[in-house]
Every structure is written in structure tokens, then in C-alpha cells.
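Visitor: Before I ask anything, let me first share the structure, which is written out below as C-alpha cells.
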Amino acid sequence: MGLAVGLPLGLAGIVIGVVFAAGDVWEPSPLHRAVDDYLATVGLGGPAPATGPGGSCPAGQPDPAATLHALAPAFEHHIVSSIESGGQAQVNVDLTPREGDRIEVVLELSRSGERWDVCSASTGHVWIDPT
């Protein structure tokens with residue numbers, strides 16, 4: 489009797505595991521992936537990833553990685569919200585330094601082809617209408 493009950497339950501567990509494993513997996517947008525990749529490197533105290541060929545950021549702006557390192561030499565991050573239009577984007581991010589309080593930051597990005605480049609960073613968040 490135990491084998492008769494255990495076998496169907498074991499098979500049910502396999503079926504349930506396969507159904508859940510085959511379900512939809514949330515994948516971040518290319519914009520959010522670019523921000524995550526950028527901040528993962530900078531947040532560890534490293535330099536900013538190189539911009540793509542023919543980068544789309546305006547010349548003469550302060551280095552966004554230097555701006556972020558001035559706020560916190562090392563940090564973790566959480567994307568709060570974002571808006572993009574016509575190859576430009578603003579992303580609100582919360583930085584969590586290893587020591588100290590959470591810091592609100594807005595990143596300005598520009599797209600060149602399929603690549604997003606972080607062009608500037610400043611403190612605060614911009615208002616993004618969720619509708």
C-alpha cells in the first residue's frame with residue numbers, strides 16, 4: 489500500500505516541478521539589464537564599463553561612476569522605476585552603501601542601436617507617472 493501511494497505522489501511531485509520550472513520567467517528589459525550591469529561593477533568600487541563604439545552620451549559631462557563613488561565607494565542597488573522615450577531614459581535607483589543610509593539616485597541613459605549607456609548620475613529621484 490505504501491508503494492502504491494508513494495509512487496503516484498512521487499510522480500505528482502515531478503509533474504508539479506516540471507510545470508513550475510517551465511512557467512514564465514521574468515526577464516528584465518534591456519534598459520534595466522544595462523543599469524544592473526553598470527551598477528554591479530561600479531557598486532563593487534570598480535570603474536564604469538566602457539561605452540559602446542560611437543557612444544551616445546553628450547561630451548563634457550562628469551563621469552557618472554565618479555559621481556556615484558563620491559556618494560558611496562561601494563554599494564548595492566535596487567531599480568525603483570524608469571521611463572524611456574526616443575532613445576533617452578531616466579532610471580530611479582536606490583543605492584545601499586555598506587555603511588550609511590539609502591541614497592536616491594537618478595541615472596540618465598542614452599541608447600545607441602541596441603546598447604544603453606549611462607551618461608550621468610545625480611541625487612534624488614525624478615517623478616515618473618505610472619499611468
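Each residue of the sequence shown is one higher than the last, beginning at 489 in the numbering used here. For each residue, glycine too, the CB sits at the ideal point set by N, CA and C. As the structure is a prediction and not an experimental result, all values here were calculated from the model.
1) Quick check on the DSSP output: what are the complete alpha helix (DSSP H) runs of length 4 or more inside the segment 513–544, in order along the chain?
2) On the DSSP letters alone, give me the boundaries of the beta strand (DSSP E) that P618 sits inside.
3) According to DSSP, is P550 helix, strand or coil?
4) Pick helix, strand or coil for H565, following the three-state DSSP scheme.
5) Using a Cβ-Cβ cutoff of less than 8 Å, which residues in the same chain neighbour G612 once the five nearest sequence positions on both sides are dropped?
6) Compare the beta carbon distance of P561 and S608 with 9 Å and say whether it is the shorter of the two.
7) Can you look up A560 in the DSSP assignment and give me helix, strand or coil?
8) On a CA-only basis, which of E587, G588, G574 and S569 is nearest V581? Give me that one, please.
9) Rounded C-beta distance between H565 and G531? I'm assuming under 8 Å.
Guide: To lay it out plainly:
1) 518–531
2) Along the sequence shown, read from residue 1 onward, the residue named residue 618 stands at position 130. No beta strand (DSSP E) holds P618; DSSP gives it neither H nor E.
3) For the purposes of this step, residue 550 is taken as the residue at position 62 of the sequence shown. Of the three classes helix, strand and coil, the one that applies to P550 here is coil, per DSSP.
4) As a working note, residue 565 is residue 77 in the sequence shown. Looking at H565 - three-state DSSP - the assignment turns out to be strand.
5) Residue numbering aside, residue 612 sits at position 124 when the sequence shown is read from its first letter. So the qualifying residues of the chain are E592, V593 and V594.
6) Taking the sequence shown and counting its residues from 1, the one referred to as residue 561 is at position 73. Taking the sequence shown and counting its residues from 1, the one referred to as residue 608 is at position 120. No, Cβ-Cβ distance for P561 and S608 is not below 9 Å.
7) Numbered from its first residue, the sequence shown carries residue 560 at position 72. Three-state DSSP puts A560 in coil, outside helix and strand.
8) The residue labelled residue 581 in the question sits at position 93 within the sequence shown. Among E587, G588, G574 and S569, the Cα nearest to that of V581 is on S569.
9) On the sequence shown, residue 565 is found 77 positions in, with the first residue counted as 1. On the sequence shown, residue 531 is found 43 positions in, with the first residue counted as 1. Right, the Cβ-Cβ distance comes to about 6 Å (below 8 Å), so this counts as a contact.
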